Structures are given as structure tokens and as C-alpha cells.
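Novice: Those letters in the sequence shown? Residues 1 to 355, by the UniProt record's numbering.
By construction, the Cβ of each residue, glycine as well, lies at the ideal position given by its N, Cα and C atoms.
None of the values given here were measured: they were computed from a predicted structure.
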Amino acid sequence: MPAQPTLDAWLGSRAPKQQQSQDGQRTSQSPMPQRQSSPDWNTQSTEASQTQSQASQIPSSPAPSAASRTNYQARREALAATAAETRTVLPDILRKLPNIQAAKAEALFLDRLAPLDPADCPGHTKTAISVINEDTFNAAIALSASSPSPSSRVAVLNMASHSSPGGGWIRGAFAQEEMLCYRSSLSLSLHRRYYPWKQRMGLYTGDVVIIRSDMPSGHRLMGHLTPDQLPVVSAVSIAALRTPAVTTSTVRLADGTTVDEEMYARPQDRDLTKDKMRLCLRIAAKRGHGKIVLGALGCGAFRNPPGEVARCWREVFAEAEFDGGWWESVVFAVYDTKGEGNFAVFEDVLGGVEV
């Protein structure tokens with residue numbers, strides 16, 4: 001049986017007509033948890049990936065200066081070009097993967113999804129939560145590679161927009177959901193008919209094919225791989241509360257010092273956030289995922305208080321429904337490129353906690 005052509009060779013006639021770089025360099029991916037470039041990328045120098053490589057060096061937030069505004073707009077345009085290329089190449093890639101149902105999703109609701117049945121628990125030995133400063137898909141690829149057995153596909157949390165499929169990825173926005181869409185087939189399952197979401201609703205996408213490296217690596221297509229070698233994960237899409245009311249409280253730490261920390265101002269917002277987390281874990285477990293990559297739900301543009309969100313995750317994991325053998329590996333990918341402190345907060349609250 002003839003060998004299947006690599007993505008570079010197979011997509012060559014479909015990619016935008018640009019001279020391709022053939023440097024042939026590859027970088028290795030260690031299992032966990034150091035920050036690295038994505039594994040084993042050869043260069044696919046399309047217009048989008050060339051522009052994106054330049055954009056990855058631009059500061060992550062716009063400043064008042066004219067130069068910064070220009071850089072900000074350049075990055076938006078580069079990411080929009082990446083989005084357009086992703087939409088162009090995905091159909092051809094997926095035609096080579098007949099068993100992948102990239103457009104299939106399930107809308108699931110907390111009040112209609114029965115709690116986990118202890119009789120169905122796989123009985124994994126308790127695992128310690130790992131918190132890493134990493135991109136979601138990079139964490140999932142590393143987790144899959146480091147797992148001792150292919151017992152189940154890794155499931156990732158997509159921190160979704162409740163109102164727009166993929167958030168603003170088509171226009172070059174750069175929150176977590178958009179980054180997942182640039183790199184994969186996820187957007188194909190985010191059908192307009194599901195929007196706007198109910199508060200206690202989530203989407204489950206069983207087949208998400210990853211086709212690109214991460215943004216710091218230039219969002220290069222994985223040209224050295226054949227289509228059937230591309231990483232595949234599953235996704236649970238949950239929309240966090242958007243800009244909930246917060247209040248500031250003084251918290252005394254174990255060493256006697258005090259810090260001011262933001263809290264949810266309304267108890268019902270905290271309760272709703274925990275319901276969203278319960279739905280995420282329930283979906284993952286019911287669909288057979290013991291290896292999960294979660295995140296700082298709502299702690300970016302949606303301005304949920306990081307300490308509260310981290311504690312909510314810890315409290316939900318400790319509930320009887322989710323405690324005791326459901327999880328083979330739990331990773332929180334908290335990608336804190338701006339140094340805003342989210343990673344440190346989640347590491348402090350969740351790092352090493354056994355679930």
C-alpha cells in the first residue's frame with residue numbers, strides 16, 4: 001500500500017502560491033510541563049503563516065501610541081489571514097479522514113444530564129492536578145504523548161463565547177477560544193443554531209483535528225505529518241459569566257500577611273460558575289475522558305476573579321460526584337503571557353491537589 005503523502009505535499013497545490021521554506025528544523029516536545037514551541041513543525045510558508053510568525057512577536061495588548069496601535073492592527077490582520085487559511089485547507093484535510101466527524105457536536109444541559117453514576121466510575125488512582133503556563137492544545141498534545149496508555153482521547157475545555165461561534169476568530173481576535181479555532185477544526189462544530197447559549201449549557205465536540213503549531217511558533221501548518229498523523233482531541237465548550245459584579249475583600253494568608261482580592265459580589269454568580277464547572281466535568285466523564293485539560297474559566301476578557309474561579313474548581317472537584325477515580329490526569333493550562341498573575345493564582349490554589 002503506497003505511503004500517504006505528508007500535509008506539505010498533499011496541500012501544496014491548494015495553499016496560497018508563495019515560495020516555501022525548507023529548513024527542515026524540528027524541535028522536541030517534552031512530556032510536561034515546561035513552556036516550549038509546539039512539537040516537530042516543518043515550515044509551511046503560506047501568506048498567513050509568514051505574517052503570523054511576525055505577529056507572534058508583537059506585544060499582547062495595544063498601548064496608546066500610534067506605533068502600538070499599528071502593531072495591534074497588524075496582528076489582528078495576520079490572525080484573520082490565518083483564520084481564512086484554516087477555513088480553506090480544512091475541507092481537503094478532512095476528506096482524507098473519513099472516520100473523523102469534525103462538524104458533529106452535542107448541546108448538553110446541566111438539568112438534563114444526569115449526575116455521574118458511581119457504578120460507571122473507571123476507578124483510576126487519584127491524580128495530582130498539574131498547573132502549567134501553557135497553550136491548551138500544546139498541553140493536550142503533551143498529555144497525550146506522556147500518558148502510559150491510550151485509554152481515552154484527551155478532552156480540552158474551550159472557554160467559549162455564549163453569543164458568537166468561535167468568538168471573534170474570523171476577525172483576528174486572540175482569546176483562548178480563538179486560538180483553538182486558528183489551530184484546528186473546532187469551529188466547524190460551533191453551529192450558529194446553538195447560539196445564544198443558555199447559562200447552564202455546553203457543547204461537546206468528539207473530534208477536533210489540530211492542524212497548526214501554536215502562535216509563538218508561527219501558526220505553521222503541520223506539513224511534516226500525513227492527515228492521519230495529525231493530533232485529535234475532544235472539546236467541551238463552556239461559556240463563562242461575562243463581566244460579573246465583583247467586590248474586593250481583605251484575605252489573611254497562612255503566614256499572617258493580608259492581601260486584597262476580588263470576589264464575586266453576588267452569591268448566585270459564584271453558584272452559576274460552579275454549575276458551569278460541574279457541567280464541564282460531567283460531560284467529560286460521561287463521554288469517557290479521564291484525561292482533561294482545563295483552564296482559568298472567564299479570567300481573561302470576561303473579568304471573572306481568578307482566585308474565586310480557582311477555588312470554585314477546587315470545591316467542585318471535591319464534591320462526591322467528581323471525587324474518587326474518574327480522572328487519570330488533570331491539567332490546568334493557564335497561559336499567562338501578560339504576567340497578570342493568573343498562573344500563579346491557579347498554581348497556588350490547585351497545584352498538587354489530588355482528585
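(1) Since Val131 and Val334 should fall inside the 8 Å C-beta cutoff, what is the C-beta to C-beta distance between them, to a whole number of angstroms?
(2) Determine whether the beta carbon atoms of Tyr204 and Glu106 lie at a separation below 7 Å.
(3) Got a sec? Which residues, its chain only, sit under 6 Å from Cys181 by beta carbon, not counting five neighbours each side?
(4) Put Glu347 into one of helix, strand or coil per three-state DSSP.
(5) Alpha carbon to alpha carbon, how far is Asn158 from Asn304?
(6) By the 10 Å Cβ neighbour count, where 16 or more other Cβ atoms means buried, how is Arg65 classified, buried or exposed?
(7) Within a Cβ cutoff of 8 Å, which residues of the same chain sit near Pro104, ignoring the five residues on either side of it in sequence?
(8) In this structure, how does DSSP classify Asp336 when only helix, strand and coil are distinguished?
(9) Excluding the 5 residues flanking Val316 on each side, which residues of the same chain have their C-beta closer than 8 Å to its C-beta?
(10) Out of Leu225, His224, Ala235, point me to the one whose CA is closest to Gln176's CA.
(11) List the DSSP bridge partners of Met201.
(12) Identify the continuous beta strand (DSSP E) that holds Ala155 and give its terminal residues.
(13) Determine the DSSP secondary structure at Gln50, reduced to helix, strand or coil.
(14) Quick one: grab the DSSP three-state call for Glu354.
(15) Over the uninterrupted beta strand (DSSP E) stretch that includes Thr250, give me the two end residues.
(16) So, is Cys121 buried or exposed, given that buried needs 16 or more other C-beta atoms within 10 angstroms?
(17) Is it true that the stretch 341 to 348 meets the stretch 130 to 145, where meeting means three or more beta-carbon pairs spaced less than 8 Å apart?
(18) Can you give the beta carbon distance from Leu241 to Leu272, rounded, assuming they're within the 8 Å contact cut?
(19) Along the beta strand (DSSP E) that carries Ser187, what are the first and last residues, could you check?
Specialist: Considering the structure as presented:
(1) On the sequence shown, position 131 is the one that residue 131 refers to. On the sequence shown, position 334 is the one that residue 334 refers to. Indeed, because the Cβ distance is near 6 Å, the residues count as touching under 8 Å.
(2) Position 204 of the sequence shown holds residue 204. Position 106 of the sequence shown holds residue 106. Yes, the pair counts as a contact, with Cβ atoms nearer than the cut-off.
(3) Here residue 181 refers to the residue found at position 181 when the sequence shown is read from its first residue. Only Gly166, Trp169, Ser187 meet the Cβ criterion.
(4) Working through the sequence shown from its first residue, we reach residue 347 at position 347. Under the three-state reduction of DSSP output, Glu347 falls in the helix class.
(5) As a working note, residue 158 is residue 158 in the sequence shown. As a working note, residue 304 is residue 304 in the sequence shown. Between Asn158 and Asn304, the C-alpha separation is close to 16 Å.
(6) For the purposes of this step, residue 65 is taken as residue 65 along the sequence shown, with counting starting at 1. Here residue 65 is Ser; the residue named in the question, Arg, does not match the sequence. Under the 10 Å beta carbon count, Ser65 is surrounded by fewer than 16 other beta carbons and is classified as exposed.
(7) Here the question's residue 104 lines up with position 104 in the sequence shown. Before going on, a small fix: residue 104 reads as Lys here, not Pro. Around Lys104: Ser189, Thr205, Gly206, Asp207.
(8) Within the sequence shown, numbered from 1, the residue matching residue 336 stands at position 336. In the displayed model, Asp336 falls within coil according to three-state DSSP, outside both helix and strand.
(9) Sequence index remark: in the sequence shown, residue 316 carries index 316 (1-based). Once the five neighbours on either side are set aside, the close Cβ partners of Val316 are Lys274, Met277, Arg278, Leu281, Phe322.
(10) Residue 176 sits at position 176 when you count from the first residue of the sequence shown. The option with the nearest alpha carbon to Gln176 is Ala235.
(11) Taking the first residue of the sequence shown as 1, we reach residue 201 at position 201. Phe109, per the DSSP bridge assignment.
(12) In the sequence shown, the residue the question calls residue 155 occupies position 155. Counting along the chain, the beta strand (DSSP E) containing Ala155 begins and ends at 155 to 159.
(13) Residue mapping note: residue 50 aligns to position 50 of the sequence shown, counting from 1. Confidence in Gln50 is poor, its pLDDT being 42 and thus under 50, which makes the residue's placement unreliable; the coordinate value appears in the next sentence. In this structure, Gln50 counts as helix in the three-state DSSP scheme.
(14) Working through the sequence shown from its first residue, we reach residue 354 at position 354. Taken through DSSP and simplified to helix, strand or coil, Glu354 comes out as strand.
(15) As a working mapping, residue 250 is identified with position 250 in the sequence shown. For Thr250, the uninterrupted beta strand (DSSP E) segment begins and ends at 246 to 252.
(16) Within the sequence shown, residue 121 is the residue found at index 121, counting from 1. Cys121 comes out exposed.
(17) Between the stretch 341 to 348 and the stretch 130 to 145 there are three or more inter-stretch CB-CB distances shorter than 8 Å, so the stretches are counted as touching.
(18) Numbered from 1 along the sequence shown, position 241 holds the residue referred to as residue 241. Numbered from 1 along the sequence shown, position 272 holds the residue referred to as residue 272. Taking 8 Å as the upper bound for CB-CB distance, Leu241 and Leu272 are in contact here, some 6 Å apart.
(19) As a working mapping, residue 187 is identified with position 187 in the sequence shown. The continuous stretches of beta strand (DSSP E) do not include Ser187, and DSSP gives it neither H nor E.
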